[in-house]
Amino acid sequence: MGVSTIDTLRETILKTIQQTARGEWMVFVVDEMSRKLIDNVVKEDEILSQNITNIEQIENKRPMNREMDAIYILSPQPYVVDCFLADIERRRYRRPFLIWTSIPHPALRERLDKYADRIALLKVVEMDFYPRESHLVTFRDPWSFPVLFHPACNGLVRDHMEALARKIAAVCISLGEYPTIRYYRPRNPTHEASVLCTHLARFVQDEIDMYAKFHQDFPPQTNRPRGALYITDRSMDLSAPFLHEFTYQAMAHDLLPIKDSGDKVIYKVIVNEGRPDQEEKEMIISEKDKIWVENRHRHMVDTIQKLMGDFQRFLDENPHFNNADGNASSINAIKDMIAGLPQFQEMKEAYTLNLSMAQDCMNIFEHHKLPDVASLEQQTLATGLDEDGRKPKALSETLIRTLDEEAVRRPDRLRLITLYLLYRNGLLPADLSKLLAHAQLPQQDAEMISNLELLGARVAKPLKDQTQPPPPLFAQKPPPPNGWEEYALSRFETNLKLMLENHVHGTLDQSLFPYTKPHLDASDDSSNAPISSASLRSAKPTWAKSRLSSVEPRQRVIVFMAGGATYSESRACYEVSRDTSRDVFLVTSHMLTPEFFMRQLGDLSVDKRRLGIPAEQPPRKAPAWISEREEEPKPSPSQQQQQQKQVLPKPTAPPTQAMANVSLGGGTPRPTQNGQGSHLAAASGKASAAPPEKEKKKKHHFFSLK
Numbered sequence: 176m177g178v179s180t181i182d183t184l185r186e187t188i189l190k191t192i193q194q195t196a197r198g199e200w201m202v203f204v205v206d207e208m209s210r211k212l213i214d215n216v217v218k219e220d221e222i223l224s225q226n227i228t229n230i231e232q233i234e235n236k237r238p239m240n241r242e243m244d245a246i247y248i249l250s251p252q253p254y255v256v257d258c259f260l261a262d263i264e265r266r267r268y269r270r271p272f273l274i275w276t277s278i279p280h281p282a283l284r285e286r287l288d289k290y291a292d293r294i295a296l297l298k299v300v301e302m303d304f305y306p307r308e309s310h311l312v313t314f315r316d317p318w319s320f321p322v323l324f325h326p327a328c329n330g331l332v333r334d335h336m337e338a339l340a341r342k343i344a345a346v347c348i349s350l351g352e353y354p355t356i357r358y359y360r361p362r363n364p365t366h367e368a369s370v371l372c373t374h375l376a377r378f379v380q381d382e383i384d385m386y387a388k389f390h391q392d393f394p395p396q397t398n399r400p401r402g403a404l405y406i407t408d409r410s411m412d413l414s415a416p417f418l419h420e421f422t423y424q425a426m427a428h429d430l431l432p433i434k435d436s437g438d439k440v441i442y443k444v445i446v447n448e449g450r451p452d453q454e455e456k457e458m459i460i461s462e463k464d465k466i467w468v469e470n471r472h473r474h475m476v477d478t479i480q481k482l483m484g485d486f487q488r489f490l491d492e493n494p495h496f497n498n499a500d501g502n503a504s505s506i507n508a509i510k511d512m513i514a515g516l517p518q519f520q521e522m523k524e525a526y527t528l529n530l531s532m533a534q535d536c537m538n539i540f541e542h543h544k545l546p547d548v549a550s551l552e553q554q555t556l557a558t559g560l561d562e563d564g565r566k567p568k569a570l571s572e573t574l575i576r577t578l579d580e581e582a583v584r585r586p587d588r589l590r591l592i593t594l595y596l597l598y599r600n601g602l603l604p605a606d607l608s609k610l611l612a613h614a615q616l617p618q619q620d621a622e623m624i625s626n627l628e629l630l631g632a633r634v635a636k637p638l639k640d641q642t643q644p645p646p647p648l649f650a651q652k653p654p655p656p657n658g659w660e661e662y663a664l665s666r667f668e669t670n671l672k673l674m675l676e677n678h679v680h681g682t683l684d685q686s687l688f689p690y691t692k693p694h695l696d697a698s699d700d701s702s703n704a705p706i707s708s709a710s711l712r713s714a715k716p717t718w719a720k721s722r723l724s725s726v727e728p729r730q731r732v733i734v735f736m737a738g739g740a741t742y743s744e745s746r747a748c749y750e751v752s753r754d755t756s757r758d759v760f761l762v763t764s765h766m767l768t769p770e771f772f773m774r775q776l777g778d779l780s781v782d783k784r785r786l787g788i789p790a791e792q793p794p795r796k797a798p799a800w801i802s803e804r805e806e807e808p809k810p811s812p813s814q815q816q817q818q819q820k821q822v823l824p825k826p827t828a829p830p831t832q833a834m835a836n837v838s839l840g841g842g843t844p845r846p847t848q849n850g851q852g853s854h855l856a857a858a859s860g861k862a863s864a865a866p867p868e869k870e871k872k873k874k875h876h877f878f879s880l881k
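Set out below in structure tokens:
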């Protein structure tokens, strides 16, 4: 499906190493953060194949290696600069080639300027982000949510938004896009963070404009239509994080104890269940799992049918693995057959993982009354209509009955009450307390619900309230046609998807999604005319308005969701990419599950000192070894022989040449036969003005963006 952010960043990193090494053997030095950025998309073997002798981490004590050049790819942090300068002062390597993952702070650049003559290369390659899927990028920063929305974090917001802007611009630059920028501006806002998207969009515009100013080759020449960037935040759709989703990926992350450490996504499964060699094993969910990638956006019903059909096809093609009465008629039957396929280890593990997750999801779905829960959710959210297309009656009574069900889990009860409150545009405080008590939920859950006000929701309303609920951002679609009964619990569509569909049709409201710069025609966003770097720098845009076709280059649309995004929103981007000849990329600080979102909401009323926000922690210090004295490396035998030769006395030369250069009148020395001044004059300390001027110019252009 078009370009992949994973492949794009991998190619950028490998090309950078290749162009820097130029066939020479070099050491590769990273820091803890830059290593995570690189390991996320590049295998170690791929790096070593680029004439790299070994990979070292700058925080670790390393041997001196003055016979080798070194490529540094570093994140611009103060302690990393300390470590790098320690290497420079000790001349750890022959020549350092320094590449930053993003532009360093001016204070760090000033420190580096003093060592400009010792650095063979210095440049910035924008790579400070983590592609998670082909069309999904995260910053692995769940702390972004409290910084943006906690009332006590106002002092942190500007620096954080500037950091976000740099990362968003880096994604655009990596994709070769100089996009038009639009942002979400809520109607009649009541919360302080309502201006979040306005300021963030301006910061992103400044960042990408500055990059284009100092890089005349950006954007690269292409026949692709100009891209579009949308800056949105979590307040644009408060329902999506609470809703039960029944597509495979979203359902698995919602219902199962999947461990997402950032570096890896892990799920524990029972391997060879029922056999003597049965064991519990941690399995990694990644882009390498083709079964996962192919099925993750399918409805769970379709996923199970696809898994069973694919496995039955495998058995038909390999009859010697099939016993007499074996057939892929159920998940358990398939799991039993898989246990007897040691020859197909990779396929065996992939099917074991995906079948186990699918079965575990369906067990929870059936045992905890999720069909009833989801039916109520859809009636209040999807279209305000029931499965038959009629307005639901006695909705509050249906809610009470569902809350009474013992099989309904407590988190699901809280989600139902919250969705009902959002649907009603607030509740009387007494009614909310009664609902929580009826659901046997603690009153502190009311704090979580109340914190929705910080994201623009109306939580409490007065008695005899006559306020009309706000209109939806987008017109709701009609109920699905007959024959869609199996998908009746999946009618709700996120505002992000509806926004993208309006973008494609050129009907997106400019008052709701204004541009950062004056725009001549709203339909330009979805146009199909190629654009050059020259036209982007001119005063008037020159792209045309013709529509995309399936054979023409695909426009790239980038959506940033501040405060975290849901897996349903990620799926929406893939669906629009599939259906509309666009490449849509979702970029966000972190991915949300319903459980995690409710926990983060609850934290908005906690004393921020208890949250341990990284921006308020003491900065990391360089390791102690950089202040320790290191032993000089012993010279090699060849170096020892060379030093011995240099020690031997030279025969005394006649003074003829020196006498000829003596100036009795105090003038300048006469040139020698080769046209150069004598070595005596060069060593006299009176250097010409040219070398300092050359050095000054080199320092002035030390950073291309300075």
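The sequence shown lines up with residues 176 to 881 when you count with this note's numbering.
Glycine residues also receive a C-beta, built at the ideal position from the N, C-alpha and C atoms.
As the structure is a computational prediction, the values presented were derived from the model and not from experiment.
Cβ atoms of A196 and I274 stay farther apart than 8 Å, at about 12 Å. In the structure shown, the three-state DSSP call for N329 is helix.
Every unbroken stretch of the alpha helix (DSSP H) spanning 4 or more residues and falling wholly within the segment 607–673 is given here in chain order: 620–625. Between S764 and G738, the gap from beta carbon to beta carbon is short of 8 Å. Residue state for P546 is assigned as helix, using DSSP reduced to three classes.
Taking the Cβ atoms as the reference, T183 lies roughly 27 Å from W200, outside the contact range of under 8 Å.
Counting only residues of its own chain and dropping the five nearest sequence neighbours on each side, G198 has a CB closer than 8 Å to the CB of N226.
Per the C-alpha coordinates, the member of D303, R267, R729 and L287 positioned closest to V216 is D303. In the structure shown, the three-state DSSP call for W318 is coil.
Relative to the Cα of Y268, the nearest Cα in the group Q252, P281 and A295 belongs to A295. N677 and P637 have their alpha carbons spaced roughly 36 Å apart.
Distance from the Cα of V732 is smallest, within the candidate group W318, E352 and Q391, for E352. Sequence-distant partners of D334 (beyond 5 residues in either direction) whose C-beta falls short of 8 Å from its own C-beta, in its chain, are A790. In terms of Cα proximity to V346, the closest of L404, L287 and N670 is L404. In this structure, F486 and Y526 form a Cβ contact; the two beta carbons are roughly 6 Å apart against a cut-off of 8 Å. For M426, the three-state secondary structure derived from DSSP is helix. Residue environment: I192 is assigned as buried (16 or more neighbouring CB atoms within 10 Å of its CB, all protein chains considered).
Separation of R753 and K652 (C-alpha to C-alpha, rounded to the nearest whole angstrom) is 20 Å.
DSSP, reduced to helix, strand and coil, places Q232 within a strand of the structure shown.
In this chain, the alpha helix (DSSP H) harbouring E186 covers T180 to A196.
DSSP places T691 in the coil class of the three-state scheme, outside both helix and strand. Here the alpha carbons of F324 and P432 stand approximately 27 Å from one another.
Within the same chain, and ignoring the five residues on either side of Y595 in sequence, the residues whose Cβ sits closer than 7 Å to its Cβ are T555 and L574. Contact between V256 and L283 holds, with the beta-carbon distance rounding to 5 Å and staying under 8 Å. With fewer than 16 other Cβ atoms from the protein chains shown falling within 10 Å of its own Cβ, L223 counts as exposed.
Shown here, H472 sits in coil according to DSSP, grouped into three states, outside any helix or strand.
In this structure, DSSP gives V300 a state outside helix and strand, which the three-state scheme calls coil. Annotation: the continuous beta strand (DSSP E) that includes K456 extends over E454 to I459. Counting other Cβ atoms within 10 Å of its Cβ, Y662 stays below 16 and is therefore classed as exposed. Excluding sequence positions up to five before and after A797, its CB lies within less than 7 Å of the CB of Y254, D257 and C258, all in the same chain and listed in chain order.
The Cβ neighbour count for E668, taken over all protein chains shown within 10 Å, is at least 16; the residue is labelled buried. Using a 10 angstroms sphere on the CB of W800, the tally of other CB atoms stays under 16, which defines it as exposed. About 4 Å separates the CB atoms of N670 and D412; that is less than 8 Å, so the two are in contact. Check the Cα spacing between E234 and each of P793, D220, M208 and G601: the tightest is with M208. Under DSSP, the beta-bridge partners assigned to Y305 are T313.
DSSP places Y290 outside any alpha helix (DSSP H), giving it a letter other than H or E.
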